[in-house]
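J.:
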Amino acid sequence: MLIRRAKKEDYAAFAGIESQHPGFPAWGIAGFEGEERNRNSVTLAAELDGAVAGFINFWVLRPQVQFNTLAVEKRFLRRGVAKALMGKMAEYAAKSLCREIDLEVNERNAAAIALYAALGFEQVGRRPKFYDNADAALLMRKVLPAKE
Ligand SMILES: CC(C)(COP(=O)(O)OP(=O)(O)OC[C@H]1O[C@@H](n2cnc3c(N)ncnc32)[C@H](O)[C@@H]1OP(=O)(O)O)[C@@H](O)C(=O)NCCC(=O)NCCS
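Start counting the sequence shown at 1; every next residue gets the next number (the numbering used here).
1. For Ala82, is the beta carbon positioned less than 7 Å from some heavy atom of ligand 1?
2. Residues in its own chain within less than 8 Å of Ile29 by CB, not counting five upstream and five downstream?
3. Using only alpha-carbon positions, find the residue among Tyr131, Asn133, Asp102, Arg108 that is nearest to Leu139.
4. Which value, in whole angstroms, describes the spacing of the CA atoms of Phe130 and Lys7?
5. Give me the residue from Phe121, Ala71, Leu115 with the minimum Cα distance to Glu47.
6. Can you look up Glu46 in the DSSP assignment and give me helix, strand or coil?
7. Given a cut-off of 8 Å, decide if Ile17 and Phe214 are closer than it, judged by their beta-carbon atoms.
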């Protein structure tokens with residue numbers, strides 16, 4: 001698996017992946033393009049078997065990383081793509097001397113919550129009616145070890 005910085009040419013594939021997941025708060029091509037104007041924003045692509053298999057976006061806001069979005073192509077689910085993308089985000093966080101990674105997740109999204117818990121994120125709060133459809137969000141955080 002290859003994890004690399006996303007390019008403009010990836011955005012159509014990202015939007016295609018978003019559309020495979022009903023209820024997912026999709027950014028669309030314009031959303032990914034907009035992130036190029038934010039110098040704190042990092043978008044990464046995962047490639048598997050020569051295809052775009054997933055993406056992640058986060059903001060490096062030292063001392064925090066704010067994780068924004070992540071999705072994986074349906075045919076590549078449960079092959080470690082999300083874990084690899086999250087791992088690369090953690091590398092960026094460590095290199096940027098960040099101390100924690102924060103995220104919001106729909107409390108109905110059992111797959112994502114299981115992923116984050118498996119990676120050491122813990123629930124630190126809950127926001128009722130956070131999403132447009134009035135679903136609640138869980139706030140989750142991973143504290144990173146201090147650098148020597
Ligand atoms: C959540 C999502 C990103 C997981 O991607 P993935 O590449 O399939 O996840 P991984 O293969 O890296 O899984 C790593 C671990 O997370 C957990 N996990 C992932 N998907 C899971 C599921 N459907 N049910 C339970 N646990 C799950 C497991 O612990 C898994 O390890 P295992 O496969 O050894 O049991 C994917 O289901 C997805 O794209 N969902 C739609 C978009 C979304 O909800 N994004 C997150 C919110 S922004």
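Note that beta-carbon positions come from the ideal geometry of N, C-alpha and C, so glycine has one too.
T.: By the coordinates alone:
1. On the sequence shown, position 82 is the one that residue 82 refers to. It does: the Cβ of Ala82 is within 7 Å (strictly closer) of some heavy atom of ligand 1.
2. As a first step, residue 29 is located in the sequence shown; it is residue number 29 there, counting from the start. Cβ neighbours of Ile29 beyond the five flanking positions: Tyr11, Ala12, Phe14, Ala15.
3. Taking the first residue of the sequence shown as 1, we reach residue 139 at position 139. Nearest of Tyr131, Asn133, Asp102, Arg108 to Leu139, Cα basis: Asp102.
4. Residue 130 sits at position 130 when you count from the first residue of the sequence shown. Residue 7 sits at position 7 when you count from the first residue of the sequence shown. Approximately 30 Å, taken between the alpha carbons.
5. To locate residue 47, count along the sequence shown from 1; it is residue 47. Residue Ala71 is the option with its Cα nearest to Glu47.
6. Here the question's residue 46 lines up with position 46 in the sequence shown. In the sequence under discussion, the amino acid at residue 46 is Ala, which differs from the Glu named in the question. Looking at Ala46 - three-state DSSP - the assignment turns out to be strand.
7. There is simply no residue 214 to check, as the chain begins at 1 and stops at 148 in what is shown.
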